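> Got a structure here, written out as structure tokens. Questions coming.
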Amino acid sequence: MKVFVAALAFAVVAAVGVAMVLSAIQEPSYVAFSTSGARVGDPGHNLTGPT
Amino acid sequence: MPGSFSVLRFAVLKPVFAALALLFVLASPAAAQISFKPTAEAVHEDKLLNALKEGDKISGRVSIPDGNAANLIQPAGRDWRDFHRGKLPWIGGITILGMLAVLAIFLMVRGRIRVRAGFSGRTMLRFASFERFTHWLTASCFIILALSGLNVSFGRVLILPLFGPDAFAAMSAWAKLAHNYLAFPFMLGLVIMFLIWIKDNIPGKLDLEWIKQGGGLLPNGKHPPARRFNAGQKGIFWIVIIGGALMSVSGWFLIFPYLLGNVTELQVWTVIHAVVAMCFIAVMLAHIYIGSVGMEGAFDAMGTGEVDVNWAKEHHSLWVEEQEKAGAPSGRSPHAVPAE
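Chains as they are written, first to last, in numbering that gives the first Met the number 0: chain A, 0 to 50; chain B, 0 to 339.
Shown next as structure tokens:
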């Protein structure tokens, strides 16, 4: 049981770590795929996050 | 007067010109269409799309950073959409539900595979802590990946009507995040599994004999000799490694779109990802079945790491001999055994 719980915990920690790393090195789509002139304000959210 | 004569002559000839014009129009339908239906010769969408060959695209020009936004029409995208909305749910449904049906029938016909000699009460180490950690790391990630992936294919039909749009959207958003990020520990688990178990999963002649005898799964069948992993377990290992590799590579194309290919390649990888996933899930259902309900004593191998000695002798007789020769400790009694 301890091994199982440790595996679950590691999976969550690893996933959160990867999310933080990717968020740090990647630009949001509303920055990467548009110019400043096309941003009319708060991009809002949808299923893919900030748009 | 010459001028009066010209006007008079034109007035006389006017009906003749009109008749000639009418005759010309009637004699030339195409000209008539151009005159009266200027859009009739416009490009028909179907003809245009059918004229485009595999990989062709109709592209425009954009000034935003996303150059892919310049693609206006890509006919292969329609085939891809039809596959995802039409064929894939059928493939997945038949594969997964078919496997569940086969397992249910197998359970009803064969019943649970028992330990013939009964539990001895003595156990031996089957999987060390790190092996079990790796197994459960990969397995727990796989379950979340499978459920969140199935939500993409079936959620709109099965879950949306039950939960409503708001709850379904929130759940799908979280499922998508879990899918993207738990893929990384899943891939890590695959790599570790490959490294620690490859030496015991090389196919050999013994496996052919195991397959010929049905692996002891048939009613009244004797369990053939096997080393640490029998042919069935080796099959599962290679399915996990090869299937996991395909899922991982195709997953990289999806999580980082356009990084390594164009939209056509992206569509191909999504199809591979989806089809392999359905087959992968079906095979893992069989693995879960045989490791829990289907075989008495099997779950302990990954549960506590210790298996009953009689179970080990029946399913992995050669491995038990190797362990005994190597002087591996056995005969532990971690569980209370009822007195006989």
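Ideal Cβ placement from N, Cα and C applies to all residues, glycine included. From a predicted model like this one, the values you see are computed outputs, not experimental measurements.
Using only CA atoms, which one of B:I195, B:F183, B:W268 and B:I254 lies nearest to B:G76?
B:W268
> I want to see whether chain B comes within less than 7 Å of A:V20, judged by CB atoms only; does it?
Not closer than 7 Å to any Cβ of chain B, the Cβ of A:V20 fails to qualify, so no.
> Kindly list, in the order they appear in chain A, the residues whose Cβ is closer than 7 Å to that of B:Y180.
A14, V17 and A18
> Between the alpha carbons of B:P65 and B:G234, how many angstroms are there, rounded?
Residue identity differs from the one stated: residue 65 of chain B is Asp in this sequence, not Pro. Answer to the nearest angstrom: the Cα atoms are 44 Å apart.
> Any idea if B:Q266 is buried or exposed, counting beta-carbon neighbours within 10 angstroms, 16 or more meaning buried?
The residue is buried, with at least 16 neighbouring Cβ atoms inside 10 Å.
> Could you check where the beta strand (DSSP E) with B:V306 kicks off and where it finishes?
E305 to D307
> Roughly how many whole angstroms lie between the Cα atoms of B:I90 and B:I271?
13 Å
> For B:F141, go through chain A and note every residue whose CB falls closer than 7 Å to its CB, in chain order.
Within chain A, not a single residue places a beta-carbon under 7 Å from that of B:F141; the smallest gap is close to 10 Å.
> Provide the residue(s) that pair with B:N70 in DSSP beta bridges, ordered along the chain.
Answer is B:S58, bridged to B:N70.
> Mind checking A:M19: buried by the 16 CB within 10 Å criterion, or exposed?
exposed
> Residues in the same chain with beta-carbon distance under 6 Å from B:F228, minus the five sequence neighbours each way, listed in chain order, please.
D199 and N200
> With a Cβ-Cβ cutoff of 7 Å, do B:L181 and A:A6 count as a contact?
no
> Could you please tell me which residues of the stretch 271-301 of chain B, in chain order, have their CB closer than 8 Å to any CB of chain A?
none
> To the nearest whole angstrom, what separates the beta carbons of B:E305 and B:R125, a pair I think is in contact under 8 Å?
Sure, about 7 Å apart at Cβ, within 8 Å.
> Using the C-alpha atoms, what's the distance from B:G326 back to B:M283?
34 Å
> Closer than 6 Å by C-beta to B:S147: which residues in its own chain qualify, once you throw out the five before and the five after it? Chain order, please.
For B:S147, same chain residues with a beta-carbon under 6 Å away, outside a window of 5 residues either side, are A174, A177 and H178 in chain order.
> Starting from A:A10, find everything on chain B with Cβ-Cβ shorter than 7 Å and list it in chain order.
L136, S139, C140, L181 and P184
> Three Cβ pairs or more, each shorter than 8 Å: is that satisfied between the stretch 67-87 of chain B and the stretch 252-263 of chain B?
Contact holds: three or more Cβ-Cβ distances are below 8 Å.
> So what does DSSP say about B:I112, is it helix, strand or coil?
strand
> I need the DSSP call for B:A29, collapsed to helix, strand or coil.
Only weak support exists for where B:A29 lies, its pLDDT of 46 falling under 50; the coordinates are left without a value.
> Closest to B:F185 by C-alpha separation, out of B:C140, B:C278 and B:V61, would be which residue?
B:C140
> Within 8 Å, do at least three Cβ pairs link the stretch 201-214 of chain B to the stretch 150-167 of chain B?
no
> Can you pull the chain B neighbours of A:A31, defined as C-beta to C-beta under 8 Å?
P64 and D65
> Residues bridged to B:T48 by DSSP?
Note that residue 48 of chain B is Leu in the sequence shown here, rather than Thr. Bridge partners of B:L48: none, in fact.
> Between which residues of its own chain and B:N67 is the CB-CB distance below 7 Å, once the five residues before and five after are set aside?
Y257 and V262
> Could you tell me the distance, in whole angstroms, from the CA atom of B:K324 to the CA atom of B:K312?
Between B:K324 and B:K312, the C-alpha separation is close to 14 Å.
> What are the boundary residues of the alpha helix (DSSP H) that B:M294 is part of?
No alpha helix (DSSP H) holds B:M294; DSSP gives it neither H nor E.
> Does DSSP put B:M246 in a helix, a strand or coil?
Residue state for B:M246 is assigned as helix, using DSSP reduced to three classes.
> Mind checking who B:L124 pairs with in its DSSP beta bridge?
B:E305
> Nearest CA to the CA of B:T94: which residue from B:A244, B:A276 and B:I72?
B:A276
> Could you confirm whether any beta carbon from chain D is found closer than 7 Å to the beta carbon of B:S128?
Checking the listed chains, one finds no chain D in this structure; the protein chains it contains are A and B.
> Measure from the alpha carbon of B:W135 to the alpha carbon of each residue in B:R84, B:A166, B:M192 and B:M123, then state which is nearest.
B:M192
> Chain A partners of B:L146, CB-CB under 9 Å?
Result: empty, since nearest Cβ-Cβ is about 14 Å, beyond 9 Å.
> Taking only beta-carbon positions, decide if B:R131 is within less than 7 Å of chain A.
yes
> Measuring only the C-alpha atoms, how far is B:L161 from B:F167?
9 Å
> Using 7 Å as the limit for Cβ to Cβ distance, is A:A6 near chain B?
yes
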